[in-house]
Structures are given as structure tokens and as C-alpha cells.
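Student: Pasting a structure here, questions to come.
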Amino acid sequence: MNWLSDMRKTYDRGELEESAAESLPLQQFRQWFDEALAAKVPEPNAMTLATVGPDGQPSTRIVLVKDVDERGLVWYTNYESRKAQELAQNPHAALQFHWVSLERVVRIEGKVERVSAAESDAYYASRPLDSRLGAWASPQSQVIANRAVLVANAAKAAAQHGLNPARPPHWGGFRLVPNAWEFWAGRPSRLHDRLRYRWIDGQWVRERLAP
Numbered sequence: 135m136n137w138l139s140d141m142r143k144t145y146d147r148g149e150l151e152e153s154a155a156e157s158l159p160l161q162q163f164r165q166w167f168d169e170a171l172a173a174k175v176p177e178p179n180a181m182t183l184a185t186v187g188p189d190g191q192p193s194t195r196i197v198l199v200k201d202v203d204e205r206g207l208v209w210y211t212n213y214e215s216r217k218a219q220e221l222a223q224n225p226h227a228a229l230q231f232h233w234v235s236l237e238r239v240v241r242i243e244g245k246v247e248r249v250s251a252a253e254s255d256a257y258y259a260s261r262p263l264d265s266r267l268g269a270w271a272s273p274q275s276q277v278i279a280n281r282a283v284l285v286a287n288a289a290k291a292a293a294q295h296g297l298n299p300a301r302p303p304h305w306g307g308f309r310l311v312p313n314a315w316e317f318w319a320g321r322p323s324r325l326h327d328r329l330r331y332r333w334i335d336g337q338w339v340r341e342r343l344a345p
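In my numbering, the protein residues as written are 135 to 345.
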């Protein structure tokens with residue numbers, strides 16, 4: 135695997151100086167997210183979610199952020215999935231956005247809570263019909279014999295629930311309430327910019343980290 139050691143990239147797309155950074159992390163995130171949209175970054179709302187199981191084993195997966203505001207970042211999933219089960223036992227989690235073409239990373243840490251049933255209902259109702267039926271069809275994270283099981287489950291869900299399926303009780307949203315944000319911008323010579331915001335005594339404190 136020595137060929138991997140020769141894979142290198144020079145980072146020179148931008149910088150992140152305190153003088154130009156927003157005083158609040160949510161504002162900084164929105165600015166960077168808008169720039170990712172303008173740059174046509176593929177799936178800029180895709181983020182890695184890291185959770186930890188009861189045995190201390192971490193696990194990650196990609197989820198899509200569906201709302202961001204002062205309360206936190208929201209995504210939707212099956213409440214019986216591995217990530218949901220791990221969050222039920224340990225609600226502390228981390229998120230990461232990696233916008234490769236912009237040479238930027240955003241990390242967020244915090245505690246996760248379920249969104250209200252009304253929020254989950256509203257988002258579920260906005261989804262395409264096939265996606266709504268899919269929430270009934272997939273026993274997420276469970277072992278199944280083959281893909282034919284999913285196809286059969288989808289057909290059964292369509293027959294049972296028709297064109298206006300209700301939200302499954304095992305499906306809904308989570309919100310990560312941040313206590314720390316980190317913004318990373320690639321710089322030459324591996325002297326990258328890292329600004330961290332931490333929630334301390336009722337306010338956001340910004341600090342620079344060594345790369």
C-alpha cells in the first residue's frame with residue numbers, strides 16, 4: 135500500500151481569519167453553506183453522523199440535514215435503526231460536513247434529542263410518495279434475506295397505505311443541539327485554519343486551534 139503515501143494535495147482555495155469570521159457559529163455555517171450551494175458542491179447537505187454504542191464502539195454514517203436554526207441541526211431516520219438505538223443510550227454525538235472542492239470542513243458536537251411529532255409529521259408529509267412508503271417497507275439496520283424482501287415490503291406498504299400514508303410511529307426526526315462547532319479551511323504547507331466555537335456560560339467563545 136506504499137502508493138497511498140504519495141497521494142498529496144496542496145490546499146490553497148481560501149482562508150479563515152478571525153477578522154472575517156462571524157461572531158456566531160450558526161452565521162458562519164450559513165455563510166459557508168450558501169457558498170457551497172453557489173459553488174454547486176454535490177449534496178452540500180450530506181453530513182457524517184458519529185454515534186457510540188453501549189460497548190464503546192463508534193459508528194458513522196451519512197445523513198442529510200433537513201433543517202438548521204438556533205436550536206440545532208435536524209435529520210430524519212428510522213427510530214429502530216442502529217444510530218437511533220445508540221442515541222437512545224448515549225445522546226452525545228458529532229456531525230461533520232466535508233465540502234471537498236472548497237477545501238472546507240465543519241464539525242459539530244452536541245447532545246441529540248427527538249424533534250416534536252408535529253415536526254416529524256410535517257416533514258414526512260413533504261416527502262415523495264415512494265419515500266413515505268419506503269419508511270414503512272424498510273426494517274432499517276436489520277438483517278434481511280435479499281433485496282426481494284424490500285421489494286415485497288414496498289408492494290405491501292403501497293397496498294395497505296395507498297396514496298396518503300401516515301407517518302410510521304418508528305420514523306421521525308432528531309436534532310443535535312450544538313455545544314461546539316469547528317470550521318476548518320485548508321491552507322498551504324498544512325498550516326490550516328481552524329476556528330472553534332464553544333458554548334460556555336451562556337455565550338459562544340471563539341478560539342483558534344493549531345492544525
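Ideal placement from N, C-alpha and C gives every residue a C-beta, glycine not left out.
(1) Buried or exposed: which applies to M141, given that a residue is buried once 16 or more other Cβ atoms fall within 10 Å of its Cβ?
(2) Considering only the alpha carbon of each residue, which of P322, V339, L310 and W315 lies closest to V208?
(3) How is the beta strand (DSSP E) around K245 delimited, first residue to last?
(4) Where does Q294 fall in DSSP's three states?
(5) Does the beta carbon of Q230 come closer than 7 Å to any beta carbon on chain C?
(6) Check whether the Cβ atoms of E316 and R330 sit closer than 7 Å, and answer yes or no.
(7) List the DSSP bridge partners of F167.
(8) Write down every uninterrupted run of the alpha helix (DSSP H) in the stretch 250–309 whose length is 4 residues or greater and which is fully enclosed by it, in chain order.
(9) If you draw a straight line from the alpha carbon of A124 to that of G296, how long is it in whole angstroms?
(10) For L216 and S275, what's the separation of their Cα atoms in angstroms?
(11) Which partner residues does P159 have in the DSSP bridge list?
(12) So what does DSSP say about V339, is it helix, strand or coil?
(13) My output table needs one value for Q223: the three-state DSSP class, helix, strand or coil.
Tutor: Well, looking at it:
(1) exposed
(2) L310
(3) R238 to R248
(4) helix
(5) Protein chain content of the structure displayed is limited to a single chain, and chain C is not contained in it.
(6) yes
(7) BP columns for F167 are empty, so no partner.
(8) 251–260, 263–271 and 281–295
(9) Residue 124 is absent from the model: the chain starts at 135 and stops at 345.
(10) The amino acid at residue 216 is misidentified as Leu; the sequence shows Arg. So the two alpha carbons sit approximately 6 Å from each other.
(11) Looking at the DSSP assignment, P159 forms no beta bridge with any residue, so it has no partner.
(12) strand
(13) helix
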